[in-house]
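Q:
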Amino acid sequence: YRRFHRNPDHKFFRYDSSRDCFTDTRTGEIYTYRNIDRQGYKQYRISDNSNKRILRRAIDADVYDRCRERRLSTFGKALYKRRKETIERSFADSKQNHGYRFAQYRGVAKMQQYTWLSCAAQNMKKMAILLTRDSHFLRYYSSFSILKFKIQHIFQSLKNMLDFLSLLSTI
Numbered sequence: 057y058r059r060f061h062r063n064p065d066h067k068f069f070r071y072d073s074s075r076d077c078f079t080d081t082r083t084g085e086i087y088t089y090r091n092i093d094r095q096g097y098k099q100y101r102i103s104d105n106s107n108k109r110i111l112r113r114a115i116d117a118d119v120y121d122r123c124r125e126r127r128l129s130t131f132g133k134a135l136y137k138r139r140k141e142t143i144e145r146s147f148a149d150s151k152q153n154h155g156y157r158f159a160q161y162r163g164v165a166k167m168q169q170y171t172w173l174s175c176a177a178q179n180m181k182k183m184a185i186l187l188t189r190d191s192h193f194l195r196y197y198s199s200f201s202i203l204k205f206k207i208q209h210i211f212q213s214l215k216n217m218l219d220f221l222s223l224l225s226t227i
């Protein structure tokens, strides 16, 4: 089979982000930015209008490069080691406890609803575990507690308003 978009010559071109151009390391030719094509790629060509190679670079390639640098840094490697404790653990919990080994329903829409429901259950379970821990900070300053306080405040103000309106109707 064929692997698409494999260019064996890509290692001979260096990108200079400050000048937004490519340099051919073999010949020293500079490929400058020309335009953006319909697929959303920046096109780079040699300054003279010859029919030579056109280099393409994604518009978001700078973001990809920053992400790659962060992932390969010491912080990124340490963060990736924690993946097995957090993200993979969540998937394993879904598979073991929430029936993700097999499809429970037929059809994409029904399985999507089932997935949303089981993810909501997982999130509520995680919030309950965090709120019941013996941490003063998590108990009083978590976003769930703040949301609970705001909802209680809204219901209390609605109750006061209804009590006031009930007094008006008896006059």
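When we follow our numbering, the leftmost residue of the sequence shown carries the number 57, and every step to the right adds one. Ideal Cβ positions, reconstructed from N, Cα and C, are used throughout, including at glycine. Quantities reported herein were computed from a predicted structural model and do not represent experimental measurements.
Counting beta carbon pairs with one atom in the segment 63-78 and one in the segment 106-123, are three or more of them shorter than 8 Å?
A: Cβ pair count under 8 Å is three or more, so yes.
Q: Of all the options D121, T171 and R124, which has the alpha carbon lying nearest to the alpha carbon of S150?
A: Residue T171 is the option with its Cα nearest to S150.
Q: Helix, strand or coil, according to DSSP, for R228 in the structure here?
A: Residue 228 is absent from the model: the chain starts at 57 and stops at 227.
Q: Helix, strand or coil: how does DSSP classify A114 here?
A: DSSP places A114 in strand when its eight states are reduced to three.
Q: If R90 sits next to R101, beta carbons under 8 Å apart, how far is it from one beta carbon to the other, in whole angstroms?
A: Right, the Cβ-Cβ distance comes to about 5 Å (below 8 Å), so this counts as a contact.
Q: Check whether the segment 175-189 touches the segment 143-157, counting contact only when three or more Cβ pairs, one atom from each stretch, lie closer than 8 Å.
A: Yes, they touch.
Q: For F131, count neighbouring Cβ atoms within 10 angstroms of its own Cβ and tell me buried if that reaches 16, exposed if not.
A: Looking at its Cβ environment, which holds fewer than 16 other Cβ atoms inside 10 Å, F131 is exposed.
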